[in-house]
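Okay, so here's the structure we're looking at.
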Amino acid sequence: MSKSGAHSTAGSNGVRPAGAFLSVAAGEVVKHPEGVFRIAEVLGFDTVLGHNIENGRARVLLIKELDRVDHAGPALPQGEVTQVEDGRWAQALERMKAIEPLVSGSCTRAEVVARAAEVGRDPATLYRWIARFRNWDTTNSLIPQKAGWREGRGRISAEAERVLDEVIQTFYLTNERPKITATYSEVKIRCDALKMPPPSKKALKARIDRIPEYERMKRRGQREKAKKRFLAVPGSTPDADYPLSRVEIDHTPVDIILVDDVNRLPLGRPYVTVAIECFSRMAMGYYLSFDPPSRTSVAMCMALAMCPKEEWLILHGVDAEWPIWGRPKLIVTDNGPEFQSRDFERAMQKFGIDMEFRPVGLAHFGGHVERVQGTLLREIHDLPGTTFANIAERKEYDSEGRAVMTLGEFERQLLKLICNEYHRRPHSSIGMPPLRKWELGIFGSADSGGIGMPPRPGDRTEILLNFLPSFERTIQNDGVSLENLRYYDDCLRPWIGMLDDETERGRRHLFRRDPRDVSKIWFFDPDLKVYFKVPLADASAPSFSVWEHRRAKEAVAELGYDPSDERVVIQSIRERREMVADSAKKTKKARREHQRNRDHQRALTVDKPLAKAPSPAGPESAPSPENAAQPALTVVSAPTAAAIAGLAAFVAPPEDIA
370 MSKSGAHSTA GSNGVRPAGA FLSVAAGEVV KHPEGVFRIA EVLGFDTVLG HNIENGRARV
430 LLIKELDRVD HAGPALPQGE VTQVEDGRWA QALERMKAIE PLVSGSCTRA EVVARAAEVG
490 RDPATLYRWI ARFRNWDTTN SLIPQKAGWR EGRGRISAEA ERVLDEVIQT FYLTNERPKI
550 TATYSEVKIR CDALKMPPPS KKALKARIDR IPEYERMKRR GQREKAKKRF LAVPGSTPDA
610 DYPLSRVEID HTPVDIILVD DVNRLPLGRP YVTVAIECFS RMAMGYYLSF DPPSRTSVAM
670 CMALAMCPKE EWLILHGVDA EWPIWGRPKL IVTDNGPEFQ SRDFERAMQK FGIDMEFRPV
730 GLAHFGGHVE RVQGTLLREI HDLPGTTFAN IAERKEYDSE GRAVMTLGEF ERQLLKLICN
790 EYHRRPHSSI GMPPLRKWEL GIFGSADSGG IGMPPRPGDR TEILLNFLPS FERTIQNDGV
850 SLENLRYYDD CLRPWIGMLD DETERGRRHL FRRDPRDVSK IWFFDPDLKV YFKVPLADAS
910 APSFSVWEHR RAKEAVAELG YDPSDERVVI QSIRERREMV ADSAKKTKKA RREHQRNRDH
970 QRALTVDKPL AKAPSPAGPE SAPSPENAAQ PALTVVSAPT AAAIAGLAAF VAPPEDIA
């Protein structure tokens, strides 16, 4: 049963899980706050020259202010990939595998026919799959329909798709190197002969842009230039021969002791997760935290890596450029469990990102990220509080005694080091600075072409939602419950008590949560195909992490109280915060717990300006950690509070908080 009508005013407040990205290339039509423009020229990573569609006037546009013209259009009817049954998802992956050799560039009808025979399908079927994938640009566009579901029509018919492919293959990709205008004229001639309307010139250019630059140059009589442009340098990792072809991710503890924000006393070493783009050696993303490596670390790192970073730098007070974003072709990781969860695997498959796990004992498979991590770690050995690489180097240096930097202060230093130093210094393996290598890979040079600007995602929240842990729950009269926490918002109301059409039992809905703040969760509306933020039903509750919540439940249970009683546990969180803050000067463990709570909240504050946050039914109370301690609500007695005080210095060993 559809409930869309009940949400007629809510859809604009939701966050759609990322699908098609914004293409920034000459000829593309884009939306800007001042109107709709056609891009005439890409001027750099920040700006384009565009012509207003209505009046033809030209002006320079900031890329960060652009959006897809159809961004608010209908979502994929299948919705979220996490909810798709394994069988149907396997079929989508099989379809993707069938057309993968045909979608990266153009293809002739002969190639489609040959591929169809190879995979045992009709050529018309492959053309339909190709058209659908190119319209949506994600694997979930290929999920087979359920009975009774009417598949949406693609923007380009299979016949038009075939004409485009044949013209590109037999006319454009030739030694004569015809221009786009002449190629489009050929498309119109062939469509006229078939008595069918021609596709747009934009569609033609989009198909040409998907052809790998190496193949394009080679097929258009520039074989030697293509070899010179794309031949991997000696010692480089195989297949890292064009931008975003290979990205490596790894975790490591940082060689520095940091201090807490309040008392400036030592806490210990943080962890950093880094993503390295192997073609240019650019740092593509990172996540810095006192939490040990987990699924959360990977999600935060991937969201930052795939998205533009202008706002991130501004929010951290760093004056620098970091012009790298996009979807990698291949992600290389170790064999850690954080990289092998079902949510992570489905998210990667949705975006068309292949995964490769480094064989145990073969360090060179992840050599790029480890070398860059080593470079960055050596640079911080000049900062106060460094632990150096080993005891021999540290000698008699008092790392804790010299520690003066907080996590926030160190993060700013790390950003400056990445953007203003590492990216701009010549790299021994590529013979130039990583930033220059990246620029040449994107825009090309006088002697060779680039791959063009990578498509840009909508915003970081849209990407992040795909990587956050998911769970399914039924919706009751009082909302939804997870780990004895009750959540409610008006967006849930139309789905209360809804039965599943097939099982006739309570319908299970998809939710996601950010482990750094479980005072709210994300609900996926199955009709609108968007996420809504759902706060705790107790509006007075502070923001807290899943780690803090679990510790509070353990403390309450040890005192003989019911850990499933939400009011008691939340009150315990408030009292523990107050007592941990009081004892922070006494023990490092207490300081570390206090600081982790503060850092989780700071990270969420930084995220907020980048998110399209939905409007909840009522004001949401989320006090800052400094103000979270409140007068006791008499839920816990004075003797009990005194007993809890004895736990204030207790901090459990590091764990995966996801």
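Numbering (the working numbering), first residue to last: 370 to 1027. Don't be surprised by glycine CBs; every beta carbon is placed ideally from N, CA and C. From a predicted model like this one, the values you see are computed outputs, not experimental measurements.
{"Item": "Any 3 or more C-beta pairs closer than 8 Å across the region 609-624 and the region 698-708", "Value": "yes"}
{"Item": "Straight-line gap, residue 650 to residue 836 (C-alpha atoms, nearest Å)", "Value": "24 Å"}
{"Item": "Whole-angstrom distance between residue 802 and residue 796, CA atom to CA atom", "Value": "5 Å"}
{"Item": "Secondary structure, beta strand (DSSP E): runs of 3+ residues fully inside the region 886-942", "Value": "886-894 and 899-904"}
{"Item": "Between the CA atoms of residue 712 and residue 509 - distance to the nearest angstrom", "Value": "14 Å"}
{"Item": "Boundaries of the beta strand (DSSP E) in which residue 324 is found, first to last residue", "Value": "Since the displayed the chain opens at 370 and closes at 1027, residue 324 lies outside it and no answer follows."}
{"Item": "Segment contact flag, the region 684-692 with the region 701-710, C-beta cutoff 8 Å, min 3 pairs", "Value": "no"}
{"Item": "Same chain, Cβ closer than 7 Å to residue 812, five either side skipped, listed in chain order", "Value": "819"}
{"Item": "Buried or exposed by the 16-neighbour rule on C-beta atoms within 10 Å, applied to residue 931", "Value": "exposed"}
{"Item": "Residues sharing a beta bridge with residue 840, DSSP", "Value": "880"}
{"Item": "Option nearest residue 318 by Cα separation, candidates 557, 589 and 610", "Value": "With the chain running from 370 to 1027 in the structure shown, residue 318 is simply not present."}
{"Item": "Assigned exposure category for residue 548 - 16 Cβ within 10 Å defines buried", "Value": "exposed"}
{"Item": "Cβ-Cβ distance between residue 635 and residue 628 below 8 Å", "Value": "yes"}
{"Item": "Inter-stretch contact (C-beta, 8 Å, three-pair minimum) for the region 848-861 and the region 817-831", "Value": "no"}
{"Item": "Residue 853 and residue 935 closer than 8 Å at C-beta", "Value": "yes"}
{"Item": "Close-in-space but distant-in-sequence residues of the same chain around residue 404 (CB under 8 Å, 5 per side omitted)", "Value": "421, 422 and 423"}
{"Item": "One or two residues paired with residue 361 in a DSSP bridge", "Value": "In the structure as shown, the chain begins at 370 and stops at 1027. Residue 361 is therefore absent and cannot be evaluated."}
{"Item": "Local conformation of residue 635 per DSSP, three classes", "Value": "strand"}
{"Item": "Separation of residue 494 from residue 921, as counted between CA atoms", "Value": "56 Å"}
{"Item": "Backbone secondary structure at residue 384 - three-state DSSP", "Value": "strand"}
{"Item": "Endpoints, the beta strand (DSSP E) within which residue 726 is located", "Value": "723-726"}
{"Item": "Beta-bridge partners of residue 796, as assigned by DSSP", "Value": "801"}
{"Item": "Bridge partner(s) assigned by DSSP for residue 693", "Value": "Answer is none; residue 693 lacks a bridge partner."}
{"Item": "Backbone secondary structure at residue 643 - three-state DSSP", "Value": "strand"}
{"Item": "Among 571, 948, 564 and 563, the one whose alpha carbon lies nearest that of residue 552", "Value": "571"}
{"Item": "Short Cβ contact (8 Å threshold) for residue 890 with residue 910", "Value": "no"}
{"Item": "Euclidean distance between Cα positions of residue 384 and residue 637", "Value": "37 Å"}
{"Item": "Option in 787, 912 and 497 with minimal Cα separation from residue 966", "Value": "912"}
{"Item": "DSSP beta-bridge partners of residue 850", "Value": "855"}
{"Item": "7 Å Cβ shell around residue 410 - same chain, five flanking residues per side excluded", "Value": "395, 417 and 418"}
{"Item": "Residues that residue 499 bridges to, as DSSP identifies them", "Value": "In DSSP, residue 499 forms no bridge with anything."}
{"Item": "Start and end residues, beta strand (DSSP E) containing residue 654", "Value": "651-658"}
{"Item": "Same chain only: Cβ atoms within 6 Å of residue 893, ignoring 5 sequence neighbours per side", "Value": "449, 879 and 900"}
{"Item": "Of the residues 569, 512, 543 and 542, the one placed nearest residue 526, counting alpha carbons only", "Value": "569"}
{"Item": "C-alpha gap between residue 652 and residue 800, whole angstroms", "Value": "17 Å"}
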